[in-house]
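The next block holds one structure in the form of structure tokens; read it before the comments.
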Amino acid sequence: MRDAAASGAAAELDHDVLRRAVISGIGQSDVGRRLFRSSLSLTLDAALAAVEDAGLTRDHIDGLAAYPGGGGAAPGFAGPSLLEVHDSLRLELSWYTSGVDVPAQLSPVMQAAMAVGSGMARHVLVYRTVTEGSARSRARAATEGAGSPPGGSSPGPAPRVEGPMQWLAAYGITGAPQWYAFYVRRYMHDFGLTREQLAQVPLSARTKAALNPKAVYREPVSLDDYLTSRMIADPLCLYDCDVPCDGATAFVVSRAGRIDAPSGHLVEIQSAGAGAGPRMYRDQFADVWWAGPAADQLWSRTELEQSDVDTAQLYDGFSFLALAWLESLGFCGRGEAGDFVDGGRRIALDGELPLNTGGGQLAAGRLHGLGHLHEACLQLRAQAGARQVPDAEVAIVATGGQPNMGCLLLTRSR
Amino acid sequence: MAPLPAPGPDEAFFWTSGSDGRLRFLRCRACGTFLHPPSPRCPRCLSADVQPEPVTGTGTVQSFTFVAGAADAPPDVVAWIGFPEQDDLRMTARLVGVAPADAAIGMAVTVEFEEHEDVHLPVFRAAGGPADRRRADT
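So the sequences go chain by chain: A and B.
Residue 345 in the numbering used here sits at position 333 of the first sequence, and the numbers go up by one each step.
Residue 176 in the numbering used here sits at position 42 of the second sequence, and the numbers go up by one each step.
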């Protein structure tokens, strides 16, 4: 039997640790569909912008955190390793961490907050860099240049797949769109979500991206465009999938009190939630409230409630993931997200819950979670320009699409 | 060419189980829980006494998507299959003899096996279809 205390309520948070941390600086490189620049170059642009924004110099940076760190299988997915950044900036580090087995892309921000809150570091530089747009373009060019492989289609032994992917690869299930297509069809069957409702997530994203000069796709998409676009993994179509891009986003997380900042510049961390989904094998459960435990942790650790949130930046690697987060976070009931987004009014910039106000990953580009955090900070600092949500004081950011999940509740400093 | 599994020691039984026409999953001898994908210990009671056990091989489609197949052929239907032996016992597999337009959540399916090199790959056909009738006739 499991001890109720071991599997029940969220651990009691030492609020003082997280609240000793502030997001003191934000920075972002150029962002584009294909920039053909090195990931290190983009990272340094973002990093130095964030350090300057915090009113610091690189000599102040004594911590470094990133997702996923160097390496990684898919070209362009991982940015430079921590040690490449360390070496390029000649940092003197007292603490650093990276990894991919973490509670999603916000994890390095949470870890940075814990590090400065506990005294392991004073100012931690956090970054996420992608060059997937240009990497895919290069790969395509290489394939076309090579022509057909010698020997044509002569049969040889089949390639082999080991580890967790062995359960799917032999059936042609190789990519994330397919993993989530199963959930979406099941959810449509169980709760009556329509494609017209799901379309509101990308359509609304494009409307907002038109007001974001750095967004990759700023042209509007109509419902007819959506309904007639090609299927990527039925029922997910082209516009349900986010857009690979090039860009780097960086933050400085500082020990509060070590920063002299103008009023309204600092972003405070009110609460955090982290957790792993039900199973790493996505075909082993059909429910879509995989982020429920992380969301429950977040709300159990704050006096703030859903109705206090002025803007939500929810992971939208696929349109449906934002709906799953809406339900897991309790912005609507389970099975009700389709009605919640129906017509797009509630999630519009002037709606009751402005969602993914910069266009999210579906329109602004897959900056992979930290683009959402950057947008939240811009909104809280009243720097979002034409897409500013008036008087945004509370923002929620959630990243991950099962099994890794993390969310942050942020407020503007007074 | 679709890749084939390269199973480790815990998984090898699954991909050869079809050599006698039976689908098998690991089952805990201590508490009776089926577990899949295989794991060295029962996730419920943590017993290490887990052994492959045959199941009927009949299940229901819980969800599905389409995967591009050969150039001039309709796409494959690939489904989540749930099994009656236990609520959360399920796997992903390709359906055979099911046109994309005929795929439906809730349809009953039954296992058969394709031989590829040393692998007996489980695939599923609509239950009560021609293969089942052939079996009933003989």
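For each residue, glycine too, the CB sits at the ideal point set by N, CA and C.
Treat the numbers as computed from the prediction; the structure is a model and nothing was measured.
Asked: Inter-stretch contact (C-beta, 8 Å, three-pair minimum) for the segment 408 to 421 of chain A and the segment 233 to 247 of chain A; Found: no
Asked: Nearest-angstrom Cβ-Cβ length linking residue 231(B) and residue 260(B), presumed shorter than 8 Å; Found: 7 Å
Asked: Interface flag, residue 180(A) vs chain B, CB-CB below 7 Å; Found: yes
Asked: Backbone secondary structure at residue 163(A) - three-state DSSP; Found: Residue confidence is low: residue 163(A) scores 43 on pLDDT, short of 50, so the model does not pin down where it sits. Its coordinate-derived value is still stated next. In the structure shown, residue 163(A) sits in coil (DSSP, three-state: anything other than H, G, I, E or B).
Asked: Cutoff 8 Å; reference residue 69(A); Cβ partners in own chain excluding five residues on either side; Found: 63
Asked: Residue 161(A), buried or exposed, once every other Cβ within 10 Å from all chains shown has been counted against 16; Found: In this prediction, residue 161(A) scores a pLDDT of 48, lower than 50, which makes its location untrustworthy; the coordinate-derived value is nonetheless stated afterwards. That one is exposed.
Asked: Residue(s) in a DSSP beta bridge with residue 208(A); Found: According to DSSP, which records beta bridges pairwise, residue 208(A) is partnered with nothing at all.
Asked: Interface flag, residue 136(B) vs chain A, CB-CB below 7 Å; Found: yes
Asked: Same chain only: Cβ atoms within 7 Å of residue 151(B), ignoring 5 sequence neighbours per side; Found: 157, 158, 186 and 254
Asked: Test: residue 173(A) CB closer than 7 Å to a CB of chain B; Found: yes
Asked: Three or more C-beta pairs below 8 Å linking the segment 108 to 128 of chain A and the segment 240 to 255 of chain A; Found: no
Asked: Cβ pair count under 8 Å reaching 3, the segment 298 to 307 of chain A against the segment 363 to 370 of chain A; Found: no
Asked: Between the CA atoms of residue 187(A) and residue 295(A) - distance to the nearest angstrom; Found: 13 Å
Asked: For residue 257(A), the residue or residues it bridges with in DSSP; Found: According to DSSP, residue 257(A) bridges with nothing at all.
Asked: Beta-bridge pairing of residue 406(A) - partner residues as DSSP gives them; Found: 423(A)
Asked: Between the CA atoms of residue 260(A) and residue 413(A) - distance to the nearest angstrom; Found: 21 Å
Asked: Residue 180(B) classed as buried or exposed, judged by whether at least 16 other C-beta atoms fall within 10 angstroms; Found: exposed
Asked: The segment 253 to 273 of chain A / the segment 28 to 48 of chain A touching (three or more Cβ pairs under 8 Å); Found: yes
Asked: Same chain, Cβ closer than 6 Å to residue 139(B), five either side skipped, listed in chain order; Found: 149
Asked: C-beta atoms of residue 332(A) and residue 196(A) nearer than 7 Å; Found: yes
Asked: Separation of residue 143(A) from residue 256(A), as counted between CA atoms; Found: 8 Å
Asked: Residue 254(A) beta carbon less than 7 Å from that of residue 101(A); Found: no
Asked: Members of the segment 141 to 155 of chain A near chain B, C-beta cut-off 8 Å; Found: none
Asked: Whole-number beta carbon distance between residue 289(A) and residue 122(A), since they are thought to touch under 8 Å; Found: That pair is no contact at about 17 Å.
Asked: Limits of the alpha helix (DSSP H) - the one that residue 147(B) falls within; Found: 146 to 150
Asked: Proximity test, Cβ basis, 7 Å: residue 220(B) and chain A; Found: no
Asked: Partner residues on chain B for residue 184(A), Cβ-Cβ distance less than 8 Å; Found: 136, 201, 202, 203, 210, 212 and 228
Asked: is_contact[residue 388(A), chain B] using C-beta, thresh 7 Å; Found: no
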